[in-house]
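Protein chains in written order, with my numbering: chain E, 119 to 362; chain V, 119 to 362.
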DNA sequence: TCCAAAGCAAGAGCAGTGCTCTCGATTGTG
DNA sequence: CACAATCGAGAGCACTGCTCTTGCTTTGGA
């Protein structure tokens, strides 16, 4: 059903893709604030008004780019995870974190679009939720696998947070202990804090070797959600060989 | 020397302040993207070109607002810290974190201006550095005080990070152990990750009781940099009474 | 096969933007 | 007092998002 029946429908999805491509190109070059519908149309050899047949407004174009960016990031993270799926949880956790950072460094403006300040009056429609959740779900899976084997000791929750923690666990991962879910959500936000600070220049003249710094911070983040050290497996863990 | 000698100079700083005030008002209402020089001028009863006598460009106006925002945040954090200066390190740490979050919630658009995606081709001039550093310096002070008394055990650094950690410690706090400084910088970034996620809607349908969630996450962040529990002081800690 | 309906690109036009330049008027200083 | 610096006002340029109307082309049903 998704195969276009007529030539017209086919042309429509092609033009739509071309518009998004050109918009993405301008986005990467100048940033979201300077993304101009007219410039996109000009570059595509059409007139600005024609573009409104495909996107009812500039914000709708941005929404499409946002969804695509979430999906691109999610796919990158999932692919990176797939390559180390046989390793231990911290290794997988670190791999996902580094993949997210790598994608952010490679697509700074798209990253800013989805994790930076939201556009003026714009509220992301619910249609972006599935794409936006992919990285989070991946992290949940990793933590779930780690807790599957044996229970991991986490610092207990304060009483004031217990109901909320129970609720979050119910929503996100009913098979995980509430303190693990709470720590996970926090680590998830903190991960993007690290990346955002690096990307948005807050580490200027503060952190130089950002690669090493991030690797360490991300690993510590993993420890914070209960993932254990590679060599801590007891059985002379397979996976302790130095990576390239 | 800062007192204006002539009436003209006095008028100048007054008009400059009025422009920033009105700009801040529009910023709070519509966000940075919709901040219009013309609208500011209109509201002030002058013509747009007159405004260029005070700010050479829109970006310069934004820069002024950015510096002011950093200072406002820094002052808020310092004031909050001053009120609990006699308490233990984690309490002071948590107080600063919550003050930062409170300021962010009260001034979301200004927060987005300084910690959100940077504007297009804009690079913050070095003049913003001192104002931008205030919160970070405050956190360093707290950690320094905590480590002053007794050394606190932190997880050792991996070899690859050791030179960078040493360098950072040299730059930021030569009297602190490198692993503490590294953890502190990470926690600093992670703190703003928590706040940014809450503010920019990433916690939508995920975290409900954000107050409690943040308090717990911020406290755990403090533990991560070596700050100990209030009741862990041994001497039946003064400061364990439930705060209002 | 024919024809109305729908989809489409183009152009003109509106209201708004940042910014520049010029022109008088005001103001402070030698 | 006179000169120079400063300031506000206005016109104007190039640009933006967006709307509306005008024709042309494709499509799908009778």
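The beta carbon of each residue, even a glycine, is placed where N, CA and C say it ideally should be. The model shown is predicted, which means the values in this text are computed figures rather than measured ones.
Taking Cβ-Cβ distances shorter than 9 Å, what residues in chain V pair up with residue 374 (chain E)?
-> Any property of residue 374 (chain E) remains undetermined from this structure, which presents chain E solely from 119 to 362.
Interfacial residues, the segment 289-308 of chain E to chain V, with Cβ spacing under 9 Å | 289, 290, 300, 301, 303, 304, 305, 306, 307, 308
Interface residues of chain V around residue 220 (chain E) at Cβ under 7 Å?
-> Those within 7 Å of residue 220 (chain E) in chain V number zero; the least Cβ separation is about 17 Å.
DSSP-derived helix/strand/coil call for residue 82 (chain V) | Summary: the structure shown does not reach residue 82 (chain V), with chain V confined to residues 119 through 362, and so no result is reported for it.
Take residue 168 (chain E) and list the residues in its own chain whose beta-carbon comes closer than 7 Å to its own, dropping the five residues that flank it on each side.
-> 159
When the Cβ atoms of the segment 196-215 of chain E are set against those of the segment 150-166 of chain E, are three or more pairs found closer than 8 Å?
-> no
Sequence ranges, alpha helix (DSSP H) only - wholly within the segment 224-270 of chain V, length at least 4 | 226-233, 247-267
Along chain V, which residues have their Cβ under 7 Å away from the Cβ of residue 235 (chain E)?
-> 230, 234, 235, 318
Where the alpha helix (DSSP H) through residue 205 (chain E) begins and ends | Careful: residue 205 (chain E) lies outside any alpha helix (DSSP H) and carries neither H nor E.
Burial state of residue 344 (chain E), where buried means 16 or more other Cβ atoms lie within 10 Å | buried
Residue range of the unbroken alpha helix (DSSP H) whose run includes residue 166 (chain E) | 166-169
Shorter than 7 Å from the beta carbon of residue 335 (chain E) to some beta carbon of chain V?
-> yes
Any Cβ of chain V within less than 7 Å of the Cβ of residue 140 (chain E)?
-> no
Buried or exposed: where does residue 342 (chain V) fall if 16 or more other Cβ atoms within 10 Å of its Cβ makes it buried?
-> buried
Considering only the beta carbon of each residue, do residue 126 (chain V) and residue 155 (chain V) sit closer than 7 Å?
-> no
For chain E, is any of its Cβ atoms less than 7 Å away from the one on residue 282 (chain V)?
-> yes
CB of residue 296 (chain V) within 7 Å of CB of residue 307 (chain V), strictly = no
Kindly provide the ranges of any alpha helix (DSSP H) runs that are 4 or more residues long and lie completely inside the segment 120-157 of chain E, ordered along the chain.
-> 125-148
Can you tell me the Cα-Cα spacing of residue 146 (chain V) and residue 139 (chain V), whole angstroms?
-> 11 Å
Roughly how many whole angstroms lie between the Cα atoms of residue 153 (chain V) and residue 179 (chain V)?
-> 10 Å
Kindly indicate which three-state DSSP category residue 275 (chain V) falls into: helix, strand or coil?
-> coil
So, is the C-beta of residue 278 (chain V) closer than 7 Å to a C-beta in chain E?
-> yes
Under a three-way DSSP split, which group does residue 336 (chain V) fall into?
-> helix
Go ahead and label residue 311 (chain E) buried or exposed: buried means 16 or more other beta carbons lie within 10 angstroms of its beta carbon, across all protein chains shown.
-> buried
Rounded to whole angstroms, what's the CA-CA distance from residue 330 (chain V) to residue 337 (chain V)? Just pull it up for me.
-> 11 Å
Residue 345 (chain E) CB to nearest chain V CB: under 7 Å?
-> no
Minimum C-alpha distance to residue 272 (chain V) - residue among V:279, V:222, V:298 | V:298
How should residue 229 (chain V) be labelled, buried or exposed, when 16 other C-beta atoms within 10 angstroms of its C-beta is the threshold for buried?
-> buried
Out of E:326, E:304, E:210, E:183, state which residue places its alpha-carbon closest to the alpha-carbon of residue 137 (chain E).
-> E:183
State yes or no: is the beta carbon of residue 330 (chain V) nearer than 7 Å to at least one beta carbon in chain E?
-> yes
Helix, strand or coil at residue 311 (chain E) according to DSSP, with G and I counted as helix = helix
Closest by C-alpha distance to residue 254 (chain V), when choosing among E:300, E:315, E:340, E:150 = E:315
Out of E:144, E:266, E:170, E:210, point me to the one whose CA is closest to residue 161 (chain E)'s CA.
-> E:144
With 7 Å set as the bound, which would you pick, yes or no: does the beta-carbon of residue 191 (chain E) sit closer than that to a beta-carbon of chain V?
-> no
At which residues does the alpha helix (DSSP H) containing residue 98 (chain V) begin and terminate?
-> With chain V represented from 119 up to 362, any question about residue 98 (chain V) goes unanswered, as that position is not in the structure.
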